[in-house]
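Numbering (UniProt numbering), first residue to last: 1 to 438.
Structure representation (structure tokens):
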């Protein structure tokens with residue numbers, strides 16, 4: 001029994017060690033974007049707002065449908081109501097009135113009212129505003145999709161850059177460990193000083209610390225990426241190491257979502273202004289009513305409950321005469337809002353053009369810098385290898401090796417910086433040319 005327990009513990013330990021060594025799944029950028037478009041919570045909220053805008057438009061259109069209202073009323077008079085009757089009606093003198101209490105204690109009323117809008121300018125204006133508002137919400141949903149696309153892409157690219165930086169540092173760490181072993185051997189042979197060994201050890205420790213920092217930074221970026229994508233935070237994931245550079249035709253400056261949103265906002269304000277002006281126009285409604293009234297009495301000499309029907313059909317016109325200049329003040333306010341919207345649209349258009357030109361320039365510059373730094377990395381690596389060989393032959397000092405190592409790291413960092421600039425410029429170029437989601 002004890003042997004079986006030990007075997008079970010051993011296999012359990014092996015299982016957990018195997019789990020710890022399982023490589024996290026690598027997610028491509030396209031896979032990350034597709035998942036984000038389905039599970040990102042900001043997009044789900046935007047979709048709900050879009051659905052609500054559709055219902056809002058349907059609500060505005062339903063104002064044109066007939067309205068039917070039913071009402072019922074029952075009253076029991078503990079004291080019968082009084083009426084003032086002229087004495088002249090009963091043969092008395094004119095100008096003399098007398099209060100008379102009459103009626104029945106039980107009264108029942110039921111009514112069915114029908115109201116059909118024939119022409120209502122405010123309802124029509126409300127429908128037009130709701131349609132424009134629905135288009136605006138749809139565009140804002142597209143804007144949210146673009147923001148999610150940018151956020152996922154930036155986080156993914158940042159993770160790739162950090163992962164490549166880790167690869168560079170890990171390769172440098174291997175070279176540094178080799179260099180440390182060589183100098184320890186030279187120190188034992190009295191061919192190198194203790195200071196030289198300490199310099200190499202210090203540099204290796206600095207590289208190891210940078211690797212630890214980057215590993216923590218990499219995990220933080222992955223957590224942020226999972227949050228934006230909509231994945232469970234405990235799920236393991238990784239990104240592809242190789243950075244893919246898109247080769248496509250240069251897009252022209254297009255009508256961005258920001259500019260389209262500003263145009264629709266201007267349209268909504270114009271529709272609202274039109275609705276305010278039309279509020280001065282009369283509205284016409286068809287009205288109809290069918291009702292019945294019951295009068296009841298319980299007692300001697302005879303109890304009864306009799307109902308009497310009434311009905312009518314007609315038209316109702318509403319015409320605003322004077323409302324204290326409220327409408328004119330609202331119209332002036334809306335005109336100022338419309339003027340500001342036109343100015344804002346012009347500003348957004350100019351900003352989009354400037355951003356397009358800046359992104360185009362940054363992309364070209366970064367592309368040239370990538371090509372240059374790639375050659376510089378090869379040259380710096382060659383210089384470092386030759387410095388190691390020369391040092392072994394006694395023709396180079398530790399200072400020469402450290403300078404070559406620093407030069408290699410600087411060119412690697414320049415290459416990574418150029419990659420970041422190129423990727424960011426490409427995203428900005430897509431955004432300013434309205435091709436981000438294509």
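For every residue, glycine included, the Cβ atom is placed at its ideal position computed from N, Cα and C.
Buried or exposed (CB count within 10 angstroms, at least 16 for buried), residue i
i: residue 503; result: The displayed coordinates of the chain run from 1 to 438. Any statement about residue 503 would go beyond what the structure contains.
i: residue 183; result: buried
i: residue 258; result: buried
i: residue 315; result: exposed
i: residue 387; result: buried
i: residue 262; result: buried
i: residue 431; result: buried
i: residue 197; result: buried
i: residue 354; result: exposed
i: residue 419; result: buried
i: residue 306; result: exposed
i: residue 128; result: buried
i: residue 308; result: exposed
i: residue 21; result: Reliability fails at residue 21, whose pLDDT of 43 lies under 50, so the model's placement of it is uncertain and the value that follows must be treated cautiously. Exposed, because fewer than 16 other Cβ atoms sit within 10 Å of the Cβ of residue 21.
i: residue 163; result: buried
i: residue 318; result: exposed
i: residue 32; result: buried
i: residue 207; result: buried
i: residue 165; result: buried
i: residue 425; result: buried
i: residue 447; result: Since the displayed the chain opens at 1 and closes at 438, residue 447 lies outside it and no answer follows.
i: residue 456; result: Any answer about residue 456 is impossible in this case: the structure gives the chain only from 1 up to 438.
i: residue 256; result: buried
i: residue 77; result: exposed
i: residue 356; result: buried
i: residue 347; result: exposed
i: residue 373; result: buried
i: residue 352; result: buried
i: residue 157; result: buried
i: residue 216; result: exposed
i: residue 55; result: exposed
i: residue 218; result: buried
i: residue 189; result: exposed
Continuous alpha helix (DSSP H) stretch holding residue i: start and end
i: residue 173; result: 121 to 188
i: residue 209; result: 194 to 229
i: residue 235; result: It is not in any alpha helix (DSSP H) - residue 235 carries neither H nor E in the DSSP assignment.
i: residue 412; result: 398 to 432
i: residue 256; result: Unbroken run through residue 256: none, as it is neither H nor E.
i: residue 25; result: No alpha helix (DSSP H) holds residue 25; DSSP gives it neither H nor E.
i: residue 365; result: 326 to 392
For residue j and residue i, believed in contact at Cβ under 8 Å, the rounded distance
i: residue 221; j: residue 159; result: 5 Å
i: residue 278; j: residue 121; result: 4 Å
i: residue 291; j: residue 114; result: In fact, because the Cβ distance is near 12 Å, the residues do not count as touching under 8 Å.
i: residue 36; j: residue 230; result: 6 Å
i: residue 401; j: residue 179; result: 7 Å
i: residue 123; j: residue 63; result: 5 Å
i: residue 288; j: residue 313; result: 4 Å
i: residue 433; j: residue 254; result: 5 Å
i: residue 107; j: residue 75; result: 5 Å
i: residue 428; j: residue 359; result: 4 Å
i: residue 422; j: residue 404; result: About 27 Å; that fails the 8 Å criterion.
i: residue 152; j: residue 225; result: 7 Å
i: residue 227; j: residue 116; result: Contact flag wrong, Cβ pair sits at about 53 Å.
i: residue 149; j: residue 437; result: 6 Å
Any chain C beta carbon closer than 8 Å to residue i
i: residue 362; result: Going by chain labels, chain C is absent from the structure shown, which holds only one protein chain.
Residue i: CB within 7 Å of a non-hydrogen atom of the ligand SAM
i: residue 36; result: Among the components modelled here there is no ligand, and therefore nothing to report on the ligand SAM.
Which complete beta strand (DSSP E) runs does the stretch 28 to 102 hold, if anything under 3 residues is left out?
67 to 76, 82 to 86, 97 to 101
Please confirm if the stretch 165 to 172 is in contact with the stretch 128 to 139, defined as three or more CB-CB distances below 8 Å between the two stretches.
no
3 or more residues per run - each beta strand (DSSP E) lying fully within the stretch 277 to 322
283 to 297, 304 to 318
Three-pair Cβ contact test at 8 Å for the stretch 332 to 340 versus the stretch 268 to 280
yes
Contact between the stretch 359 to 369 and the stretch 275 to 291 is defined here as three or more beta-carbon pairs at a separation below 8 Å; is this criterion met?
no
Touching by the beta-carbon criterion (3+ pairs, under 8 Å), the stretch 44 to 58 and the stretch 136 to 150
yes
Three CB pairs or more closer than 8 Å across the stretch 336 to 352 and the stretch 410 to 424
no
Pairs of beta-carbons, one from the stretch 98 to 109 and one from the stretch 70 to 87, closer than 8 Å: are there three or more?
yes
With a cut-off of 8 Å, do at least 3 Cβ pairs link the stretch 370 to 381 to the stretch 399 to 414?
yes
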